[in-house]
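Enquirer:
There are 4 protein chains.
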Amino acid sequence: MPGGRHHLQIPGPTNVPDRVLRALAAPTIDHRGPEFAALALDLLERLKTVFATRGPVIVYPSSGTGAWEAALVNTLSPGDRVLACETGHFATLWRDMAEKLGLRVEFLPGDWRHGADPDAIAERLTADLAAGSSEPAFAAVMVVHNETSTGVRSRVAEIRAALDRVRHPALLLVDTISSLASMDHRHDEWGVDVTVGCSQKGLMLPPGLGFNAVSEKALEAARSARLPRSYWDWGPILNANRDGYFPYTPPTNLLYGLREALALLEEEGLPAVFARHDRHAEATRRAVRGWGLEILCADPREYSSSLTAVLLPEPHDADKVRRIVLERFDMSLGTGLGRLAGRVFRIGHLGHFDDISLAGTLCGVEMGLAAAGVPIERGGVQAALASLEAS
Amino acid sequence: MPGGRHHLQIPGPTNVPDRVLRALAAPTIDHRGPEFAALALDLLERLKTVFATRGPVIVYPSSGTGAWEAALVNTLSPGDRVLACETGHFATLWRDMAEKLGLRVEFLPGDWRHGADPDAIAERLTADLAAGSSEPAFAAVMVVHNETSTGVRSRVAEIRAALDRVRHPALLLVDTISSLASMDHRHDEWGVDVTVGCSQKGLMLPPGLGFNAVSEKALEAARSARLPRSYWDWGPILNANRDGYFPYTPPTNLLYGLREALALLEEEGLPAVFARHDRHAEATRRAVRGWGLEILCADPREYSSSLTAVLLPEPHDADKVRRIVLERFDMSLGTGLGRLAGRVFRIGHLGHFDDISLAGTLCGVEMGLAAAGVPIERGGVQAALASLEAS
Amino acid sequence: MPGGRHHLQIPGPTNVPDRVLRALAAPTIDHRGPEFAALALDLLERLKTVFATRGPVIVYPSSGTGAWEAALVNTLSPGDRVLACETGHFATLWRDMAEKLGLRVEFLPGDWRHGADPDAIAERLTADLAAGSSEPAFAAVMVVHNETSTGVRSRVAEIRAALDRVRHPALLLVDTISSLASMDHRHDEWGVDVTVGCSQKGLMLPPGLGFNAVSEKALEAARSARLPRSYWDWGPILNANRDGYFPYTPPTNLLYGLREALALLEEEGLPAVFARHDRHAEATRRAVRGWGLEILCADPREYSSSLTAVLLPEPHDADKVRRIVLERFDMSLGTGLGRLAGRVFRIGHLGHFDDISLAGTLCGVEMGLAAAGVPIERGGVQAALASLEAS
Amino acid sequence: MPGGRHHLQIPGPTNVPDRVLRALAAPTIDHRGPEFAALALDLLERLKTVFATRGPVIVYPSSGTGAWEAALVNTLSPGDRVLACETGHFATLWRDMAEKLGLRVEFLPGDWRHGADPDAIAERLTADLAAGSSEPAFAAVMVVHNETSTGVRSRVAEIRAALDRVRHPALLLVDTISSLASMDHRHDEWGVDVTVGCSQKGLMLPPGLGFNAVSEKALEAARSARLPRSYWDWGPILNANRDGYFPYTPPTNLLYGLREALALLEEEGLPAVFARHDRHAEATRRAVRGWGLEILCADPREYSSSLTAVLLPEPHDADKVRRIVLERFDMSLGTGLGRLAGRVFRIGHLGHFDDISLAGTLCGVEMGLAAAGVPIERGGVQAALASLEAS
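Chains as they are written, first to last, in full-length UniProt numbering: chain R, 1 to 391; chain G, 1 to 391; chain V, 1 to 391; chain Z, 1 to 391.
1) Taking the straight line between their C-alpha atoms, what separation do you get for G/I10 and G/R346?
2) Please list the partners that R/D354 has in chain Z, where partner means a Cβ-to-Cβ separation under 7 Å.
3) With a threshold of 6 Å on Cβ separation, who are the neighbours of G/A184 within its own chain once the five nearest residues in sequence on each side are excluded?
4) Note down, in chain order, every chain R residue with its Cβ under 7 Å from the Cβ of Z/P27.
5) Given that G/R5 touches chain V, what residues does it touch there, using C-beta distances under 7 Å?
6) Would you identify the three-state DSSP class for Z/N212, choosing helix, strand or coil?
7) Any beta-carbon of chain R closer than 8 Å to the one on Z/R322?
8) Threshold first: 4 residues or longer. Then list the alpha helix (DSSP H) segments lying entirely within the region 127-191 of chain G, N to C.
9) Going by DSSP, which residues form a beta bridge with R/Y256?
10) What residue range does the alpha helix (DSSP H) around V/G290 cover?
11) Can you tell me which of V/P56, V/A122, V/T53 and V/Q382 puts its alpha carbon nearest to the alpha carbon of V/L83?
12) Going by DSSP in three states, R/R113 sits in which element: helix, strand or coil?
13) Leaving out five residues on either side along the sequence, give the residues of the same chain with a beta carbon under 8 Å from the beta carbon of V/P247.
14) Could you tell me which of G/P207, G/C363 and G/A213 sits nearest to Z/T28, measuring between CA atoms?
15) Should Z/V73 and Z/L227 be called a contact, given that it needs their Cβ atoms to be closer than 8 Å?
16) Could one say the Cβ of residue 456 of chain Z lies closer than 8 Å to chain R's Cβ atoms, at least one of them?
17) What is the DSSP secondary structure of Z/V310, reduced to helix, strand or coil?
18) Suppose the cutoff is 8 Å on Cβ atoms and the five residues either side in sequence are ignored; what does the same chain contact list for Z/V288 look like?
19) Using a Cβ cut-off of 8 Å (strictly closer), state whether V/R22 contacts chain G.
20) Taking only beta-carbon positions, decide if G/D119 is within less than 8 Å of chain R.
21) May I have a chain-ordered list of the alpha helix (DSSP H) segments no shorter than 4 residues that lie completely inside the region 300-348 of chain V?
22) Is R/G380 close to chain G, meaning its C-beta is less than 8 Å from at least one C-beta of that chain?
23) How long is the line joining the alpha carbons of Z/H6 and Z/T148, rounded to whole angstroms?
24) Counting contacts by CB-CB distance shorter than 8 Å, is Z/D330 in contact with chain A?
25) Is the beta carbon of V/A222 sitting closer than 8 Å to the one on V/L171?
26) Confirm the yes/no value for this check: CB of R/G336, any heavy atom of the ligand ATP, distance under 7 Å.
27) Under 8 Å between the Cβ atoms of R/A181 and R/L203?
28) Just to check my reading of the structure: G/A137 and G/P109 have Cβ atoms closer than 8 Å, yes? What is that Cβ distance to the nearest angstrom?
29) Run the CB neighbour count on Z/H302, radius 10 Å, all protein chains shown included, and call it buried at 16 or more, exposed below.
30) In or out: Z/A131 buried (at least 16 other Cβ within 10 Å) or exposed?
31) Short check: CB of V/P61 to CB of R/S62, under 8 Å?
32) Is Z/H31 close to chain G, meaning its C-beta is less than 8 Å from at least one C-beta of that chain?
33) Flag G/E327 as yes if its beta-carbon sits less than 8 Å from any beta-carbon of chain R, otherwise no.
34) Less than 8 Å between CB atoms is the rule here; does Z/P300 satisfy it with respect to chain G?
35) What does DSSP give as the partner residue(s) for R/L39 in the beta ladder?
36) By DSSP, does V/C297 sit in helix, in strand, or in coil?
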């Protein structure tokens, strides 16, 4: 598609700001030298704000999937029971990983249109405690904060409250892959034990960094956890981090990018960043309704602010829409994953983004829907503009 | 304006493609070495296609204004009479330059809403020839192909025909600053003697390169032209260019960018590039009419394909619209220049551009007009989308 | 250290070519789209040449340490016995990792000045087989091809021959972290089962990519290996790679860099790349001898071509030399690791490197040694120049 | 020359720091917007320090040759007499330019091994004044501060003193193309009227910016100067600069680079920058003497600190040395220009440079001289190292 630029409107990787891209291109330095240590110490401190924690944040040369694995192998032992919540494709993949690693996972069922249900979790945990000594209690609860496959947000603070209410000792492990730095997440305040994050979404970086923010309780659990671990082991990393180093070669150039991305977030201010995402998400939903289409997320309390999954009426093929939008407008939209394949497409409106880019994105979607023969009303873009103008 | 990127929708400098920006950042090389010579010979050859000429194209380390001066000092002598055509602000500036350089300029009047009038030129040249020996004939006719201040295109082929018809020997000097590589321009076929161009518009480069494409007749004129010249002198440049060198240090890194920009144009193909600009211009005009506003250009034959100047109803201030659009949407629009100050704003839709970016741009303009209190109808964006979808 | 550039002469990360750095800064694309698939398929094919294999190469978003872990968890089961060879600090770390993962490691002792001894390995494996059913045989032999902490190369082909001679079925796992794309390594011809590599050494990239080249036999072993694995699991990666995709988000921008780095290697040709490294290593050793200092590597058959470790006479502190060289000349040298701390410094002469840069490096080392008060003869640089001129 | 990087050791363009290269790649912005104005106002102020002036500095989109022309056309009138000083090839080219522009130039002869002679200038000016009204006095004296073709520095402060001593009213026009930001130059203190500079030498930028620093007296002269001028005219530029704008499109991306280059100079501090250049020049001369070769500059008071021209014994061809150095070591050296063609090569040691890079450069020259069969002693590099270590 010659003429202009690619429009990367999948829910991650997101459009990387030109400042960050240029930062990536700085010469690599000695990861054992003083300049590197100064860089690392600075980043490790500033990252805490993004996770809203006073505790440590671990940085891995990995994708977010690696950070998932790290959260599990540092805190759990072979055969441990964990409770996972079926919110969509990525919750399912994380469940699969836990099983591959030798954990016994119970998967609290969901319909892929709602977030993890705090009441259902409380109920299941109550039963768990009541089971008494017949089985060890769940060692952890795994929740995806913002399910990237569905655009549904789980109410983590309420889930924390549920755990507290039933006095269950399970660790709370939360995936913030597609919410971190886009939607409000409070590691400390919400009592999360491990927050899993990555670089290529709200942090506006290319893929290649995985994160774990870890609570005191998680660190305590790590002392007795017996899943084999080496690369992911928090211990040597935390030790080396104290002086600004890493036990193995860190991904220096991505850290340059992280420095610039953090500067961008700090210049805007996290509350403003979250408000921007909320505003763009609202405008997007107005567009979807304006087209007469259905938002996959069924509960307005659980709307994602970083992406919107749009459900097409049968028998229309969402991937055909995506293909047309890619070919005609050089814009990538997110595909339907797992059981949603062909049924939904996903609009990413997170990261480095603004009103004009959102408006252009929605125009492209509107034209693409029409070109694909999906029956829509043409008021979507106008509704979105009205929403942007009013807020 | 945090959150996203800047949208540079002035009619130049234009949005530079990321490929070109990265090319600029390659290390500077020895301008007297073999690698440079290979680069220069390649570029000088490929540039000819952009000007549609088989003759030489001169490259200056300069802005387009420098290329204006070069066109004059290489072909004219102190006191020479030239005929310039008042099409807008830039035509006026070029006229002023000619006068500062010691030429006697007659300025064929215009209303800034039309292009140079072939018939009026023919008439004036006929009278000129009839005046006989009382005065030397006009040595040159100066025309701005695409008046950047008004969005009006002059019909250069018809002007050439007018000169031929009345058999006037004047050189035809044409400014293609904001049309080159965006709108069809044919140096050889249209009998242009000097085409003046620059880097920061359709060529999608930062400012810093000026161009002269020159005809045989212009080279002949240069032999007797007596305006003092040194930096701009074609002669030593053409000599040195033969081997891929320059008589003084060339702007190497912009030449790297030029190589990449030419590759982009060649990948798309110039006819496709022109068609894309035509299509985007048409969609933009549909939007303007959809808002109930007036396009400055009065003659549909003369619509520019690289920018559209929008006339606001009294007493609305176009600069207020621009300011609001800049503040709220981080988008730059072109200001009204000279006598059009405050009356018009200009939308640049040239260079590295695509449907989504155009749609976003027009959404921003629509929201900005509304925010500035300009009375508009809201159908502009929809009309533009309909136009894009239909073409 | 103002004025000039940093000179990164540690044995990795190495100086990243400007072409590669700029490639890193290209916009991230959709990892599920057709453009990405074309990129990945191309890279996965071209990588094979670098490993001299016709089999698959796995690419991880990880450091080289991650690729170590992948080699183990894909092929081995809890409690498996493996034979590791003590060649230096990194062999020791890999041994430690194997133990952390639950393997039983026997560490064939070494003096950190020699490579892994093919005869000693043969002897140990013979005894292993003779032990019969009392214990399962070693499941794998772990060898570091080029020990980055010592500058000693192990003779992998001879180790392969030793395994064959005694008909031991163990897998041969080889770390080529600091030899890959700098020194001749032949995965297929030498019968290596897993070759472990990474991006930031001979491949001239920033850190962030780990590699496993895997033999048929290794793939067979993976079918029954029972160490828990998910992130590192070859299976889903090989499946997804078939179509140019990855089971989790790949590090796109590092892959852009890889494309450029492979192009650089292909332009030069791997045999020429190896010859260049050999030549620079020889010149460096001439310099060390010229200074009257000792090369750590004790056996000329085992000299590394990518780095040279220099042993200082007692009581001189190698880290003092390094500190002075860093402060005065803005050049990083490798520190002594593990038991070599303070005793040696290491000169990296691998990756993106040339005669002038090597000469400058050696001048810096010579001046630094003198400034640190190490008693040296001043003929080192001259001897290196003579070596470069003669070869 | 595969393997490593190009070594650009001509006396300009110089090696551009990676920070500056990356800065060039930032997106171009609206040159009429507030962000640009802030950038320009900041740069125009900080540039003054580089010229050691409190007066204005004019920035052109041009090469240094354009800034030469600007100095002349702003201050002089057709037929004006000027005194130029023959110091080498560039002084000759500037003389030629003055003649092409219609000035009457007297060329004070020189041997290309000395700077402009203050006494000879004083003598000539005295005679000029004595000639009385028969001819108008010289309107200007043109001096090249650091003759790039010879590596000879003219003593500008002494020339100023000479003009003052004989009370001659001529303007003093000084070319600092290859000294600016490398060698001490004091526009105000030395009473220079126009200082001519450019971007691609000590300022560590690519070519494309020309500079004029102008005195009050020069501004006064501009009021009556009658050489035709438009592009180069100081007046409109100074007017527009007051608000941070330019009368025509400025070379925005080079200005980004300038911002970064100024930051580098400020971080190091100009006195330290000058001292570094002095030190590197001294080490280079030690090397030349160590090789038993002759430095072109005949007077130690006039040694250039930014480059050294090396004279080869007959019949050795300096261009053969350069060719060999380029082919074998991928290093560019400066050619002999004009009457020095084939007789000298020039080593650039200016701009972004450091001890290691200088040492590597001199090693390359030593090896290249040997390879070219030039009879040299081999102590050059060692002598340079000794000089660096001692200072």
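Where is the CB? At the ideal position from N, CA and C, for every residue including glycine.
Nothing here was measured: the structure is a model prediction, and the numbers come from that model.
Expert: Quick answer:
1) In the second sequence, the residue the question calls residue 10 of chain G occupies position 10. In the second sequence, the residue the question calls residue 346 of chain G occupies position 346. In a straight line, the C-alpha of G/I10 is about 7 Å away from that of G/R346.
2) Position 354 of the first sequence, counted from the first residue, corresponds to residue 354 of chain R. Those within 7 Å of R/D354 in chain Z number zero; the least Cβ separation is about 14 Å.
3) Reading the second sequence from its first residue, position 184 is the one you call residue 184 of chain G. Per the sequence shown, the amino acid found at residue 184 of chain G is Asp instead of Ala. Hits under 6 Å: F274.
4) For the purposes of this step, residue 27 of chain Z is taken as the residue at position 27 of the fourth sequence. Simply D18.
5) Residue numbering aside, residue 5 of chain G sits at position 5 when the second sequence is read from its first letter. Chain V residues near G/R5: none, gap ~11 Å exceeds 7 Å.
6) By one-based count along the fourth sequence, residue 212 of chain Z stands at place 212. Here Z/N212 carries a strand assignment [DSSP, helix/strand/coil].
7) Locating residue 322 of chain Z in the fourth sequence gives position 322, counting from the first residue. Closer than 8 Å to the CB of Z/R322 there is not a single CB belonging to chain R.
8) Taken in chain order, the unbroken stretches of alpha helix (DSSP H) that lie wholly in the region 127-191 of chain G and span 4 residues or more are 156-166.
9) As a first step, residue 256 of chain R must be located in the first sequence, where it is residue number 256. DSSP output for R/Y256 lists no bridge partner at all.
10) What you label residue 290 of chain V is simply residue 290 of the third sequence in a count that begins at 1. For V/G290, the enclosing alpha helix (DSSP H) starts and ends at L270 to G290.
11) Sequence index remark: in the third sequence, residue 83 of chain V carries index 83 (1-based). V/L83 has its Cα closest to that of V/A122, out of V/P56, V/A122, V/T53 and V/Q382.
12) Within the first sequence, residue 113 of chain R is the residue found at index 113, counting from 1. Collapsing the DSSP output to three states places R/R113 in coil.
13) In the third sequence, residue 247 of chain V corresponds to position 247, counting from 1. Taken in chain order, the residues that qualify are P236, I237, N239 and A240.
14) The residue labelled residue 28 of chain Z in the question sits at position 28 within the fourth sequence. Considering only alpha carbons, the answer is G/P207.
15) Counted from its first residue, the fourth sequence places residue 73 of chain Z at position 73. Counted from its first residue, the fourth sequence places residue 227 of chain Z at position 227. Yes, these two residues count as a Cβ contact at 8 Å.
16) Any property of residue 456 of chain Z remains undetermined from this structure, which presents chain Z solely from 1 to 391.
17) Here residue 310 of chain Z is taken as the residue at index 310 of the fourth sequence, counted from 1. In the structure shown, the three-state DSSP call for Z/V310 is strand.
18) In the fourth sequence, counting from the first residue as 1, residue 288 of chain Z sits at position 288. Counting only Cβ-Cβ distances below 8 Å, and skipping sequence neighbours, we find E294, I295, T308, V310 and G380.
19) For the purposes of this step, residue 22 of chain V is identified with residue 22 of the third sequence, where counting begins at 1. It does: the Cβ of V/R22 has a partner Cβ on chain G nearer than 8 Å.
20) Position 119 of the second sequence, counting from 1, holds the residue named residue 119 of chain G. Closer than 8 Å: no.
21) Taken in chain order, the unbroken stretches of alpha helix (DSSP H) that lie wholly in the region 300-348 of chain V and span 4 residues or more are 318-329.
22) As a position in the first sequence, residue 380 of chain R is number 380, starting the count at 1. Cβ-Cβ to chain G under 8 Å: no for R/G380.
23) On the fourth sequence, position 6 is the one that residue 6 of chain Z refers to. On the fourth sequence, position 148 is the one that residue 148 of chain Z refers to. For Z/H6 and Z/T148, the distance between alpha carbons rounds to 21 Å.
24) The chain labelled as chain A is not found among the protein chains of the depicted structure, namely R, G, V and Z.
25) For the purposes of this step, residue 222 of chain V is taken as residue 222 along the third sequence, with counting starting at 1. For the purposes of this step, residue 171 of chain V is taken as residue 171 along the third sequence, with counting starting at 1. Cβ atoms of V/A222 and V/L171: not closer than 8 Å.
26) Ligands displayed in this structure: none; no statement on the ligand ATP is therefore possible.
27) Here residue 181 of chain R refers to the residue found at position 181 of the first sequence. Here residue 203 of chain R refers to the residue found at position 203 of the first sequence. Between R/A181 and R/L203, the C-beta gap is smaller than 8 Å, which places the two residues in contact.
28) Working through the second sequence from its first residue, we reach residue 137 of chain G at position 137. Working through the second sequence from its first residue, we reach residue 109 of chain G at position 109. Contact doesn't hold; Cβ gap of about 20 Å is too wide.
29) For this step, residue 302 of chain Z is matched to residue 302 along the fourth sequence. Just to set this straight, residue 302 of chain Z is Glu in the shown sequence, not His. Z/E302 comes out buried.
30) If you number the fourth sequence from 1, residue 131 of chain Z lands on position 131. Answer is exposed; the Cβ neighbour count stays below 16.
31) Counting from one through the third sequence, the residue named residue 61 of chain V turns up at place 61. Counting from one through the first sequence, the residue named residue 62 of chain R turns up at place 62. Their beta carbons are under 8 Å apart, which means V/P61 touches R/S62 by this criterion.
32) Position 31 of the fourth sequence, counting from 1, holds the residue named residue 31 of chain Z. Closer than 8 Å: yes.
33) As a working mapping, residue 327 of chain G is identified with position 327 in the second sequence. Chain R contact via Cβ: absent.
34) Residue mapping note: residue 300 of chain Z aligns to position 300 of the fourth sequence, counting from 1. Not one beta carbon of chain G lies nearer than 8 Å to the beta carbon of Z/P300.
35) By one-based count along the first sequence, residue 39 of chain R stands at place 39. In DSSP, R/L39 forms no bridge with anything.
36) Here residue 297 of chain V is taken as the residue at index 297 of the third sequence, counted from 1. Under the three-state reduction of DSSP output, V/C297 falls in the coil class, being neither helix nor strand.
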